[in-house]
Every structure is written in C-alpha cells, then in structure tokens.
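Okay, structure first, notes after.
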Amino acid sequence: MNERIVRLPSNRTGRDFILGDLHGTTDLLRVLMEHVTFDPDKDRLFSVGDLIDRGEDCPGGLALLLEPWFHAVLGNHEDMLMDYLLPLARQKYPMGSSNGLPGHAFLFNGGETWFEHYRMSGEVKGRLESLPLLIVVGEGADRFHIVHADLVRNLLDPVGGTVSLPWETSGSAPTGSGKGNRPEVLFFTDADIDAGLPWEETRYIPGVDTFGTVV
Numbered sequence: 030m031n032e033r034i035v036r037l038p039s040n041r042t043g044r045d046f047i048l049g050d051l052h053g054t055t056d057l058l059r060v061l062m063e064h065v066t067f068d069p070d071k072d073r074l075f076s077v078g079d080l081i082d083r084g085e086d087c088p089g090g091l092a093l094l095l096e097p098w099f100h101a102v103l104g105n106h107e108d109m110l111m112d113y114l115l116p117l118a119r120q121k122y123p124m125g126s127s128n129g130l131p132g133h134a135f136l137f138n139g140g141e142t143w144f145e146h147y148r149m150s151g152e153v154k155g156r157l158e159s160l161p162l163l164i165v166v167g168e169g170a171d172r173f174h175i176v177h178a179d180l181v182r183n184l185l186d187p188v189g190g191t192v193s194l195p196w197e198t199s200g201s202a203p204t205g206s207g208k209g210n211r212p213e214v215l216f217f218t219d220a221d222i223d224a225g226l227p228w229e230e231t232r233y234i235p236g237v238d239t240f241g242t243v244v
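Right, dumping it as structure tokens:
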C-alpha cells in the first residue's frame, strides 16, 4: 500500500468542492464558503496544496489541516517549509544569500515574512508531514483525483521504489493511452499548460485533466 495515496469514499450526503492554491488568502476562502453555504457537517473541501506564502494569513491556511472536512495534498510550498526545518545537510532546497549566510527557497518565496512570527503546533506539523501526494475520491464513474502538479508513474506504483514529487521532472512523459498514469478526472495546479509539452495533443482547461484511465 502506498502511504502517499489517500482513498476516500464518494460524498453521498453533501457536496465536494475543489480549492486551488490558497497562498494564505483564508479571508477570501471564508467569503466563498459563505457564498455557497458550505455545510461542514455534510460538505467537503479538497485542496491541491500551496496553503501558505504570499498571502496575509498563512497560519490560517495551515489551521485548515485540523478541520475534519478539509482534505489536502502536499504542495511544493509545504514541501519547502518542511525542508527548511531540516538540518542544512539534509535540505533539498538550500540557496545562497547576499549576506553570505545560508538561504533557502522557503525564505525566498515569502516564508520569512510570516514564519518568524508563527509557532507551529505539534499537531499541525504532524498533519503537514502526513500530507499525501494524491487523493483518490470515489469509485467508477464518480471517481476523481486531487494532486498538486501532475502524476508521476512511480507514485501510482505501490512497489515502484522511491516516490517522486509531482512537481519534480521525472522520467518520460505519459504515453498516448495514459494507462496506469493518468486518471479519468484529475484536478491539479502548477502544471505548465503553456509550455507545449510533447504529450499534450490538445489544450486542457487549466486544473482539470480528463485524459486517459487508470487500470
């Protein structure tokens, strides 16, 4: 069983909503939730990650991880945050700085402006560490998938060895059939839709991919 994949049943009593990159704009999210009369007892909110950085309420974005109706996958900004907390020798995203001191991609992307005033609770840190790379919801015709950037082949292979992060370039592009690599409906962000990638035969709506099947 791949622990980076979470499977959830279809919502038979309420509605499911999909949230793009939040980036600390939790006030706007609350307005939208009120607009659709979000019911936390019945409805669910799925997130493609990137809850933090750039916005004014990044701690509020992380606090959503504690809500039972909120389900998120790991975004690259959460990945950078967790990497920043590691010892320097183990970091994946170190960067140089103008003052000669060790820098980091998390600080470069705006983390320093809010993280220095925020003390992360052990519960939030635990939720961050356990965020999946892929959420599969429902079965059959009702099934859809949540991922931050795109799927990589060994993410869907429970015995495929090291799990690659979806925003890291890895291996070859999906084949035309997409079998084993692309789901029926995929909600995502950060994929370079405008890059003219060689396996894109047509334009997709940014954030929704309906090409291929998982077998």
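This note's numbering puts the first residue of the sequence shown at 30, with every later residue one more than the last. Where is the CB? At the ideal position from N, CA and C, for every residue including glycine.
- Take residue 87, set aside five residues on each side of it, and the residues of its chain with a beta-carbon closer than 6 Å to its own are 53, 81, 143, in chain order.
- Under the three-state reduction of DSSP output, residue 132 falls in the strand class.
- In the DSSP assignment, residue 59 falls outside any beta strand (DSSP E) and within the unbroken alpha helix (DSSP H) covering 55–64.
- Straight-line spacing of the CA atoms in residue 169 and residue 138 works out to 39 Å.
- When DSSP reads this structure, residue 123 sits in a beta bridge with 133.
- Between residue 167 and residue 76, the C-beta spacing is not below 7 Å.
- Annotation: the continuous alpha helix (DSSP H) that includes residue 106 extends over 105–113.
- Annotation: residue 134 to residue 120 spans about 10 Å, alpha carbon to alpha carbon.
- When secondary structure is reduced to three states using DSSP, residue 45 falls in the strand class.
- Put simply, of 136, 73, 58 the residue whose alpha carbon is nearest the alpha carbon of residue 41 is 73.
- Distance between residue 84 and residue 92, taken at the CA atoms: about 14 Å.
- The way I'd put it, the segment 107–114 doesn't touch the segment 56–66; fewer than three beta-carbon pairs between them come closer than 8 Å.
- Shortest Cα-Cα distance from residue 66 to any of 79, 46, 171, 51 involves 46.
- The three-state secondary structure of residue 162, taken from DSSP, is coil.
- Following the DSSP letters along the chain, one finds residue 91 inside the alpha helix (DSSP H) bounded by residues 87–92.
- The distance from the Cβ of residue 162 to that of residue 33 is about 4 Å, consistent with a contact at the 8 Å cut-off.
- Residue 101 is bridged by DSSP to 76.
- Residue nearest to residue 155 within the set 103, 171, 71 is 103 (criterion: CA-CA distance).
- In chain order, 35, 37, 73, 74, 75, 76, 164, 175 place their CB closer than 8 Å to the CB of residue 100, counting only its own chain and leaving out the 5 sequence neighbours on each side.
- Exposed is the label assigned to residue 149, since fewer than 16 other Cβ atoms lie within 10 Å of its Cβ.
- Secondary structure at residue 37: strand, using DSSP grouped into helix, strand and coil.
- The criterion of a C-beta distance shorter than 7 Å is satisfied by residue 51 and residue 90.
- Take the alpha-carbon of residue 96 and the one of residue 171: they are about 24 Å apart.
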